[in-house]
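Residue numbers (the numbering used here), protein chains in the order written: chain A, 191 to 284; chain B, 95 to 652.
Here is the structure we will look at.
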């Protein structure tokens with residue numbers, strides 16, 4: 191395996207999209223040191239709690255952006271001649 | 095019983111109405127016939143964004159979640175709030191793997207995660223291990239839905255010892271079993287709408303009305319901190335705190351991460367995913383599902399509201415012990431008028447039925463596809479498969495019921511704890527295999543064995559002084575107790591970590607080492623039935639063959 195050729199030829203099992211990197215951002219909620227404190231409070235709620243609610247909103251923004259930016263991805267077809275033409279074009283551009 | 099009649103009547107009306115929906119569901123978006131596993135077990139694989147949202151939401155946020163998460167905050171404070179980072183990171187983490195799983199399953203007609211493993215590695219043994227892990231992890235989960243339902247019933251005054259106490263549960267589950275048998279996945283998909291709308295109404299009212307009534311969130315958190323910092327006579331230490339301590343922060347983070355990684359390894363989550371129509375439906379859902387996290391977070395805080403309101407858990411007449419699962423139902427009973435408490439109880443009760451139905455369908459699919467068809471009847475027709483799955487779903491639910499009635503409910507809570515750890519051990523075989531086939535089949539088997547064994551040993555060794563238990567006292571392991579063949583890597587450390595995470599690390603290490611060793615001597619085993627483009631196929635592609643392409647019967651694809 192691991193024949194992930196960077197030029198995205200048919201046969202590559204992996205596709206890289208820069209937008210997908212946004213999906214890493216929500217992992218910040220695992221770093222408890224950032225938010226394990228009482229102050230500042232919000233409507234009486236300690237920071238620990240309302241910060242994590244804000245984390246939900248950040249997570250939603252990240253996944254929503256990735257969805258919107260990647261929803262028109264190509265639908266691979268086995269012996270589709272169009273794909274080959276694309277590949278040739280990319281090869282010619284380089 | 096006085097004061098409970100209104101609650102009971104509202105509860106029964108809603109429950110009956112929903113059961114009626116369950117039976118009618120078989121006609122909803124009807125296929126030519128339900129005698130095909132794709133129809134019965136995956137609702138025809140054509141659910142759109144809304145249905146998928148309600149289905150997966152109804153699947154993951156269960157009745158047990160509704161009673162157990164607030165109960166955790168009620169009993170121990172901030173550590174119970176791990177459910178929030180867990181559900182925040184789960185969707186971004188699984189966003190891409192789930193799409194690959196959907197595509198490859200759609201091309202090859204896979205119904206279960208074990209089907210995929212079978213196709214990817216050509217190994218029926220590995221698929222069997224994944225299937226068995228899935229079934230074992232799902233069974234106690236179904237039983238726990240009954241614990242949630244029972245908590246509500248006990249709060250409504252139906253709290254008797256013996257068979258009489260379990261009778262309502264028995265009736266509820268019988269109805270559930272019948273309509274699942276008849277309608278398959280369409281039933282919970284339809285009911286999930288009602289359940290979620292009810293839950294949202296109840297939560298919104300609860301988190302707005304109750305803090306106003308009890309003097310605001312500042313007051314509530316103050317009361318909670320006072321109560322939690324008092325000394326528990328059983329452990330001679332505080333019950334907990336509204337913030338994390340130096341020792342349990344690592345546990346909080348690793349439990350959140352481990353649970354998030356495990357979430358979509360559960361067969362019932364995979365069922366929800368595979369029932370959707372296309373990749374964009376899933377992407378949209380991964381963006382919209384965290385709306386439930388918001389609800390879950392608010393719900394969790396009801397544990398503190400209950401402390402502030404002075405709620406006392408109901409003493410379970412069957413076991414004679416206070417049942418902390420009843421904290422939220424008792425809060426609703428004490429603070430809301432009877433009719434609204436009835437709606438709230440119905441929301442939780444129906445919340446038990448939706449996931450129980452999906453879980454039993456998922457377990458039945460595993461049994462049918464990866465055990466019955468693989469080992470007992472290789473030439474089973476689609477109709478025989480569907481029949482087998484329907485019967486299996488009945489057996490699974492009956493098993494869960496017997497479990498609850500005959501054995502202390504605490505045992506299913508222990509098993510659920512174990513379930514989370516063992517399902518996580520299928521991560522290399524299922525999730526990582528979506529990306530690479532680098533691991534050798536036998537290395538994955540070896541990693542699985544080590545991960546499961548060590549996870550169980552570690553869980554067995556964790557005591558819980560607060561409830562006077564020697565074993566299976568929780569999932570937080572003190573690093574100082576870590577013992578690798580007599581070697582203590584972190585002697586004396588009180589820092590806690592999630593057991594499942596430790597077992598997964600061991601599992602991966604073994605899988606990597608064994609792969610490296612075997613590769614020096616042997617070629618990879620088996621044939622990969624999937625091709626790289628399969629992982630990107632979307633709805634409408636000619637690569638998708640309707641409706642059936644057999645995994646077991648087609649080791650090679652041409």
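Backbone N, C-alpha and C define an ideal beta-carbon position, used for all residues, glycine too.
Residue burial annotation: residue 345/B is buried, with at least 16 other C-beta atoms found within 10 angstroms of its C-beta. Within chain B, no C-beta atom comes nearer than 7 angstroms to that of residue 206/A; the closest sits roughly 11 angstroms away. Using a Cβ distance threshold of 7 angstroms, residue 347/B and residue 222/A count as a contacting pair.
Listed along chain B, the residues sitting closer than 7 angstroms to residue 250/A by beta-carbon distance are 381 and 384. Within a 10 Å sphere around the beta-carbon of residue 447/B sit 16 or more other beta-carbons, which makes this residue buried. Taking 7 angstroms as the threshold, the shortest C-beta distance from residue 632/B to chain A falls below it. Contact note: residue 186/B reaches chain A through 213, 216, 249, 252 and 253, using a C-beta cutoff of 7 angstroms and chain order.
For residue 592/B, the enclosing beta strand (DSSP E) stretches over residues 590-592. Residues of chain A whose Cβ lies closer than 7 angstroms to the Cβ of residue 332/B do not exist, since the nearest Cβ in that chain is about 16 angstroms away. Between residue 286/B and residue 152/B, the C-beta spacing is below 7 angstroms.
Nearest in C-alpha terms to residue 612/B, of all of 213/B, 385/B, 363/B and 540/B, is 540/B. In the DSSP assignment, residue 570/B falls within the unbroken beta strand (DSSP E) covering 570-572. Our two residues, residue 264/A and residue 632/B, have alpha carbons roughly 9 angstroms apart in a direct line. Interface with chain A (7 angstroms Cβ-Cβ cutoff): residue 374/B is included.
In the DSSP assignment, residue 430/B falls outside any alpha helix (DSSP H) and carries neither an H nor an E. Taking 7 angstroms as the threshold, the shortest C-beta distance from residue 236/A to chain B falls below it. Less than 7 angstroms separates the beta-carbon of residue 499/B from that of residue 260/B.
One alpha carbon belongs to residue 321/B, the other to residue 333/B, and they sit about 8 angstroms apart. In this chain, the alpha helix (DSSP H) harbouring residue 158/B covers 157-170.
At least one CB atom of chain A sits nearer than 7 angstroms to the CB of residue 377/B. Of 227/B, 535/B, 161/B and 556/B, the smallest CA-CA separation from residue 617/B is found for 535/B. The C-beta distance from residue 213/A to residue 189/B rounds to 6 angstroms, short enough to meet the 8 angstroms contact threshold. Secondary structure within the region 188-257 of chain B: the alpha helix (DSSP H) runs of 4 or more consecutive residues, fully enclosed, are 207-215 and 218-249 (chain order).
Look at residue 224/A: its C-beta is not under 7 angstroms from any C-beta on chain B.
Residues of chain B with a Cβ closer than 7 angstroms to the Cβ of residue 256/A are, in chain order, 189.
Burial is judged here by how many other beta carbons sit within 10 angstroms of a residue's own beta carbon; residue 424/B has at least 16 and is buried. Under a criterion of Cβ atoms nearer than 9 angstroms, no residue of chain A is adjacent to residue 523/B; the nearest Cβ is some 15 angstroms distant.
Contact between the region 476-489 of chain B and the region 274-291 of chain B is present: 3 or more CB-CB pairs across the two stretches fall below 8 angstroms. Among the residues facing chain B, residue 243/A is included, as its CB has a counterpart in that chain under 7 angstroms away.
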